[in-house]
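Protein chains in written order, with UniProt numbering: chain A, 1 to 337; chain B, 1 to 337.
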C-alpha cells in the first residue's frame, strides 16, 4: 500500500479511502490512486485490511452471559456461535458472573475490539452505560432477560406463563400446598416466574403462604437446604416448583420421594433422569437464534422500533410425584385433571 | 493522525510507525513526527489504533472446542475466558462439531481476525494445515487432546491412567467381567482410555473379551443402547466403565441397579446424583488454565521447545454398585480391596 501511496503521491489513508470507496477524496486524486493500484497490482495487506475495516464491519459479535459453564448459557452460546458463523461473523464470549462491574468490563473489552453488535444476558441493574456504545453504532439485543431502561430488542421466554402453568398442573393433580424455590428477585426472570406462581395460586383461590416460598437462592446447595427446611416445617408442601435449572438440580438432590416436583429446564439433568422429572422446558437455542436474527437485522440497517419477542415454554409432565403412575414417586393426591 | 502526518510532511503510515516505536523510520523524520505529535496533542483514534495493532497484538485469542454446549467443553470455555480476561485479552469461541471441515473454517475465521493465539481441542486427523498460521506467528496450544503431527504445546489429562485405575478399582472390588463403552477410537483421548482399560485387565490377568467392549459410540442414546445389549448377552458384565461424560450419562439412564458403574466426568450428572455414581473426575478448568498459561507465554516470546503437560485425574468412589454400602446399588461381589 505504501508503494501505491508513493506512486500516486498521496497518503496511505487516501489510498485506503479510494480502495474502500469512501467519500472525501477529490476525483483527480482518486483517479491517480486507481491508476497506481492497477499499475502496481495492489495487494491488500493486513494494514490495508485493518484500514478497510475502520468504519466498516468487523464481523465480530460479542455474547455476554452469566457464566458459559452453566448448561443453559452454554446452549445459548453454542446456538449464537452457529448463527454468527452462518452470517460470516465470529463470536466473542464473556461471562459477567452476575457482577455488574465485570459486565461493564467485558462489554468495554468487546467494544474496544469494535464488535458490530452485542447479545447480552443482562445482570440486574441499569444498563444506561450502554447508550454511548449504541450511539456509536454498536447494536445490542438482550436475551433471556430484559434490561429495564435500555431501549433495545429483547428475546425472552414466557417466564410468567411457564411457572403459572406448572403450578396450575400441580393444582390440577390435587396439590394445594405447593412450595416455590426462586432465584434473586432483582433479576427480571426470577421476578416474572415468582409472579406466575402467585397468579396461579390466586386464580385457584389458594392462599400464597410466605412459609412455602424461598427466594434469593443462588446455588444448588442453597436450594437443597431450602427444600429440606420447607419439608421439615409443621405443615409442609406436597409439591415443590424450582424456578431455575441450578435450583432444580440442587433441590432434586435433597428431595425425598413422595414429594411432587417440577423443575425448570432439562439441561442440568441427565439425559433420562430416573425417576423422571417433570420440567418447564425452554429452548435456549431458539432464544439465541431469535436474538441473532434481530441483531444481524440491526447490523444490516434495520431501524424499526425495538421489539420484544416472547417465546413459549413447554411443560413436560413426566410424572415426578405429581402423577400416580409407573414412574411416579407417589405421594400425590388423586388426580383431578 | 492525518493532521500530524500533514504537519510533519510524512504519510499516516510513518506516523503510526513512530508512535508505535517500529523500525524503518529515519531519525530526522521520527523527530519531526514526534514534534508534530507534541504540538497537535495527537489523539489515538480508531484508525490509529488499528494501525498500531498491525504487527502487534490483537489481544484476541480463539478457542475451538467440539461444541460449547457440552458440559466439559463449556467448563473449558469458561476457564479460558477467565484466563484471557486476566491478561487483557478477549476470547473468540468456535465449535468444530467434530467436523474437520468446520474446524478449518472456524480457525480460518479466527486467524482472519488476527488472533494472537489459538487454544484448540483438535478433531481427529491431521493438523498440518495449521503450520502456515504458526509460521506467520499465530501461537497454538492443544488442550484435552493431542494433535498428532502438530509440533505444539499440549495440555491433557492422564487418560490412560484414569481408565486403568477405574478398572483396577472395579477389579479390586471383585469384578471380573467389566464392560467398556468408548467413543470414537480415532480420537486420541478415546484411544488412550481404551488402552488404559486393556492395560488394567492385562495386569490383572483377566482376558480382554471383545464381547464386553463397545467402541465408536457418539451419543447418550447410543450408549444406552450399547449397555442394554451388553447386559442382555449370555454372560453379561457385572460392572461397566463409560469412557466419557456423554456416554456415562446415556448409559446410566439404561443401567439396571445391580450393575456396578464408573463414569467419566462429573459434569453431565446432577450435583448430587442419586444413587451416587463413582466417576473419573478431570478438571476442565485446570486444563484450560494450563493451556492459557502456555499460550500467553508463547505470545509473549517463549521460544522453548513444545511441551506436553499431563494433568492427573481423580477417581471418586461413591459406591455405584461396586462397593456394598448404604448407597450401593448392590450386585457387587464382596470387596477384596
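Ideal placement from N, C-alpha and C gives every residue a C-beta, glycine not left out.
Alpha-carbon to alpha-carbon, residue j and residue i
i, j, result
"residue 28(A)", "residue 12(A)", "16 angstroms"
"residue 119(B)", "residue 295(A)", "28 angstroms"
"residue 216(A)", "residue 180(A)", "11 angstroms"
"residue 209(B)", "residue 241(B)", "14 angstroms"
"residue 132(A)", "residue 108(A)", "11 angstroms"
"residue 76(A)", "residue 72(B)", "15 angstroms"
"residue 293(B)", "residue 206(A)", "57 angstroms"
"residue 317(A)", "residue 187(B)", "38 angstroms"
"residue 150(A)", "residue 117(A)", "15 angstroms"
"residue 60(A)", "residue 90(A)", "5 angstroms"
"residue 213(B)", "residue 161(A)", "47 angstroms"
"residue 271(B)", "residue 57(A)", "Caution is warranted here: a pLDDT of 49 is assigned to residue 271(B), below 50, making its placement in the model unreliable, and the coordinate value is therefore given only provisionally. Residue 271(B) and residue 57(A): Cα-Cα distance of roughly 43 angstroms."
"residue 232(B)", "residue 252(B)", "16 angstroms"
"residue 36(A)", "residue 15(A)", "10 angstroms"
"residue 147(B)", "residue 314(A)", "42 angstroms"
"residue 80(B)", "residue 153(B)", "16 angstroms"
"residue 52(B)", "residue 83(A)", "Caution applies to residue 52(B), whose pLDDT of 42 falls short of 50 and renders its modelled position unreliable; the model cannot decide the point."
"residue 264(A)", "residue 145(A)", "15 angstroms"
"residue 301(B)", "residue 291(A)", "40 angstroms"
"residue 194(A)", "residue 175(B)", "50 angstroms"
As assigned by DSSP and simplified to three states, the class of residue i
i, result
"residue 146(A)", "coil"
"residue 82(A)", "helix"
"residue 308(A)", "strand"
"residue 161(A)", "helix"
"residue 10(B)", "coil"
"residue 108(A)", "helix"
"residue 281(A)", "strand"
"residue 45(B)", "With a pLDDT of 39 at residue 45(B), under the threshold of 50, the modelled position of that residue is not reliable, and no figure is offered here."
"residue 218(A)", "coil"
"residue 69(A)", "coil"
"residue 136(B)", "coil"
"residue 225(A)", "helix"
"residue 194(A)", "helix"
"residue 186(A)", "coil"
Reference residue i, options the options, closest by Cα
i, options, result
"residue 164(A)", "25(A), 200(A) and 236(A)", "200(A)"
"residue 237(B)", "171(B), 84(B), 25(B) and 7(B)", "171(B)"
"residue 127(B)", "110(B), 220(B), 137(B) and 104(B)", "104(B)"
"residue 196(B)", "286(B), 243(B), 293(B) and 82(B)", "243(B)"
"residue 156(A)", "213(A), 315(A), 284(A) and 319(A)", "284(A)"
"residue 310(B)", "292(B), 293(B), 298(B) and 287(B)", "287(B)"
"residue 86(B)", "168(B), 92(B), 289(B) and 117(B)", "289(B)"
"residue 124(A)", "224(A), 319(A) and 99(A)", "99(A)"
"residue 246(B)", "190(B), 257(B), 233(B) and 232(B)", "190(B)"
"residue 306(A)", "140(A), 9(A) and 6(A)", "140(A)"
"residue 218(A)", "182(A), 231(A) and 169(A)", "182(A)"
"residue 281(B)", "256(B), 226(B) and 248(B)", "248(B)"
"residue 177(A)", "239(A), 9(A), 255(A) and 251(A)", "239(A)"
"residue 94(B)", "62(A), 97(A), 66(A) and 106(A)", "62(A)"
"residue 69(B)", "67(A), 78(A) and 65(A)", "78(A)"
"residue 258(A)", "143(A), 277(A) and 265(A)", "277(A)"
"residue 202(A)", "167(A), 173(A) and 234(A)", "167(A)"
"residue 234(B)", "222(B), 221(B) and 211(B)", "211(B)"
Residue i - partner residues in DSSP beta bridges
i, result
"residue 239(B)", "178(B) and 260(B)"
"residue 61(B)", "91(B) and 117(B)"
"residue 316(B)", "279(B)"
"residue 33(A)", "Answer is none; residue 33(A) lacks a bridge partner."
"residue 154(B)", "142(B) and 308(B)"
"residue 213(A)", "180(A)"
Min CB distance residue i to chain E below 7 angstroms
i, result
"residue 113(B)", "This model lacks chain E altogether, as its protein chains are A and B."
Assigned exposure category for residue i - 16 Cβ within 10 Å defines buried
i, result
"residue 112(B)", "exposed"
"residue 24(B)", "exposed"
"residue 229(B)", "exposed"
"residue 405(B)", "Absent from the model: residue 405(B). The displayed extent of chain B is 1 to 337, so no value can be given."
"residue 256(A)", "exposed"
"residue 224(B)", "buried"
"residue 5(B)", "buried"
"residue 67(A)", "buried"
"residue 96(B)", "buried"
"residue 173(B)", "buried"
"residue 254(B)", "buried"
"residue 312(A)", "exposed"
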